Amino acid sequence: MLTSSLQLDTLPTLQIDVIRQVTTCQTIEALEALRVEILGRSGQLTLLKRNLKDVSPEERPAVGQALNAVSQAIETALTEKKTQLEQAALTEKLRTETIDVTLPGLPSVVGKRHPLTLVIDDICSVFEGMGYSVLDDNACPEVETEFYNFEALNFPEDHPARDMQDTYYTEVAKNVLLRSQTSNAQIRYMSAQKTPPFKVVAPGRVYRNEEVSSRKYVLFHQIEGLYVAENVTFADLKGTLNTFIAQLFGGSPRKTRFRPSFFPFTEPSAEVDVECLFCGGDGCKVCGHSGWLEILGAGMVHPNVLENCGIDSEKYTGFAFGMGVERLAMLRDAIDDIRIFYNNDQRFLKQFNPAY
Ligand code: DAH
Numbered sequence: 003m004l005t006s007s008l009q010l011d012t013l014p015t016l017q018i019d020v021i022r023q024v025t026t027c028q029t030i031e032a033l034e035a036l037r038v039e040i041l042g043r044s045g046q047l048t049l050l051k052r053n054l055k056d057v058s059p060e061e062r063p064a065v066g067q068a069l070n071a072v073s074q075a076i077e078t079a080l081t082e083k084k085t086q087l088e089q090a091a092l093t094e095k096l097r098t099e100t101i102d103v104t105l106p107g108l109p110s111v112v113g114k115r116h117p118l119t120l121v122i123d124d125i126c127s128v129f130e131g132m133g134y135s136v137l138d139d140n141a142c143p144e145v146e147t148e149f150y151n152f153e154a155l156n157f158p159e160d161h162p163a164r165d166m167q168d169t170y171y172t173e174v175a176k177n178v179l180l181r182s183q184t185s186n187a188q189i190r191y192m193s194a195q196k197t198p199p200f201k202v203v204a205p206g207r208v209y210r211n212e213e214v215s216s217r218k219y220v221l222f223h224q225i226e227g228l229y230v231a232e233n234v235t236f237a238d239l240k241g242t243l244n245t246f247i248a249q250l251f252g253g254s255p256r257k258t259r260f261r262p263s264f265f266p267f268t269e270p271s272a273e274v275d276v277e278c279l280f281c282g283g284d285g286c287k288v289c290g291h292s293g294w295l296e297i298l299g300a301g302m303v304h305p306n307v308l309e310n311c312g313i314d315s316e317k318y319t320g321f322a323f324g325m326g327v328e329r330l331a332m333l334r335d336a337i338d339d340i341r342i343f344y345n346n347d348q349r350f351l352k353q354f355n356p357a358y
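Take a look at the structure:
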């Protein structure tokens, strides 16, 4: 037990001693350790304060006051030192972390648009120039039902026309597939809008279970076009596609040929060829010596398709067309292997769009 006289005698020395230690502390950690040693739960001064109850009642006030005065002096010293050390640490940090503005900067690599995106954008802007709206490429699902991919497009169930496109079915449900054509956009758009005129193009990705080769890949892109209004004729279709083909391939008119064909959702249907871009029609390897390159499929929208979307086929007529983006990109930029679009080879990708 402490006696009051002993406590009072030792306090000044304790204060001096502790404050000296405080002033010589070099780090915030050392200062904190010292604080705990003196003022912490089992610190020297704390213990002394705790023993105050053993001091005789007469002397207690004086001893108590003296203890408080010492602990306050020590606390003040600790606080001042802490501020000083923190300030010093900050100054040191600022000194050592200065930025050398003369160092060369890190180059920031800016990505480029993919060649397929470039071709899609070019094609869409030609149609925009003719008053078409471009549907967002996620406006129509790629995971689609048979209804939108086939049935509503006038492909009867079990009709061999469904086999023209080797379709991936999912395991989600019997009728859920990866769309094999962007023609689902026709159905989705028309049944949502209901009232013509419609004038849209819909770019997007499609899937087919093809054996991969330099010409075929299991996924590719198409652009679907649709124009429905009163009195739309096959002549409108021809004019539109001839204008488009001329603009896509350099601006001057190109010879085209509309060959009769079959698609369940158009009647009549045609496949459209352009005079070979490489030999001008004389015949070469690219056009298989025919002088023609097939560019797209098209036709007048079948009345059944209009009716399936709730549109009066007596009042309205329209045309539709669909084209493969990879094929057009390959023709336009003389690319001889479709797989190169998908293997992310920088040497290939870098050749496009150098301004970006
Ligand atoms: N969907 C067809 C295909 O993938 C392409 C096509 C042909 C689309 C004629 C059309 C069209 O809109 O009218 O083979």
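Residue numbers (this note's numbering): 3 to 358.
Even glycine gets a Cβ: it sits at the ideal position worked out from N, Cα and C.
Computed from a predicted model, the values in this text were never measured in an experiment.
Should residue i be listed as close to ligand 1, given that the test is whether its C-beta is under 7 angstroms from any heavy atom?
i	result
T268	yes
A154	no
S193	no
S292	no
S271	yes
E296	no
S185	yes
G299	yes
F157	no
A141	no
G206	no
G324	yes
F265	yes
Taking all protein chains shown into account, do 16 or more other C-beta atoms lie within 10 angstroms of the C-beta of residue i, making it buried, or fewer, making it exposed?
i	result
E226	buried
A64	exposed
R37	buried
S185	buried
M3	Caution is warranted here: a pLDDT of 45 is assigned to M3, below 50, making its placement in the model unreliable, and no coordinate value can be reported.
Q167	buried
T268	buried
A79	buried
S135	exposed
D275	buried
N156	buried
K444	With the chain covering 3 to 358 only, the question about residue 444 has no answer from this structure.
H304	buried
I101	exposed
Q89	exposed
Excluding the five sequence neighbours on either side, which residues of its own chain have a C-beta within less than 8 angstroms of the C-beta of residue i, listed in chain order?
i	result
S7	Low confidence applies to S7: its pLDDT is 49, below 50, so where it sits in the model is not reliable, and the reading given next is rough at best. For S7, where only same-chain residues beyond five positions count, there are no Cβ hits under 8 angstroms.
L250	D124, I125, V128, L330 and R334
E144	L180, R181, G206, R207, V208 and Y209
E212	D168, K218, Y219 and V220
L47	L16, I40, L41, L69, V72, S73 and I76
T104	none
Which same chain residues end up closer than 7 angstroms to residue i when comparing Cβ atoms and leaving out the 5 residues on each side of it in sequence?
i	result
G66	L54
A272	F260, R261, P262, S263, A300 and G301
Y150	N186, I189 and R190
G312	S193 and K196
Q17	V72, A75 and I76
F152	R164
L120	F354 and N355
K201	G133, Y134, S135 and Y229
I337	A331
Q23	L36
V20	I40 and I76
F265	S271, G299 and G301
E277	R256, K257, G283, G293 and W294
S254	A248
Tell me which same chain residues have a C-beta within less than 6 angstroms of the C-beta of residue i, skipping the five on either side of it?
i	result
A154	I189 and N310
N177	T147 and E148
F280	C286 and V288
Y358	With a pLDDT of only 44 at Y358, under 50, the local geometry of the prediction cannot be trusted, and no value is derived from it.
I30	L87
S315	P305, L308 and E309
Residue i: beta carbon under 7 angstroms from a heavy atom of ligand 3?
i	result
E226	Among the ligands present in this structure, namely ligand 1, ligand 3 is not found.
Please confirm if residue i has its CB atom under 8 angstroms from at least one CB of chain B.
i	result
E146	The structure shown contains no chain B; it is built from a single protein chain.
Open item on the list: List, from N- to C-terminal side, the alpha helix (DSSP H) runs of 4 residues or more that fit wholly inside the stretch 54-104.
Closed with: 62-98
TODO: Please confirm if the stretch 313-327 is in contact with the stretch 159-179, defined as three or more CB-CB distances below 8 angstroms between the two stretches.
DONE: no
Open item on the list: Is it the case that the stretch 218-233 contacts the stretch 310-323, given that we only count it when at least three CB pairs across the two stretches are under 8 angstroms?
Closed with: yes
Task: Complete beta strand (DSSP E) runs within the stretch 124-203 (minimum length 3 residues, chain order) - done: 145-147 and 178-180
- [ ] Return the chain-ordered ranges of every alpha helix (DSSP H) run that is complete within the stretch 260-336 and spans a minimum of 4 residues.
- [x] Qualifying alpha helix (DSSP H) stretches, in chain order: 305-310 and 327-334.
Task: Residue ranges of each alpha helix (DSSP H) within the stretch 203-243, 4 or longer - done: none
TODO: Run through the stretch 18-45 for me and flag every whole alpha helix (DSSP H) of 4 or more residues, listed as ranges in chain order.
DONE: 30-41
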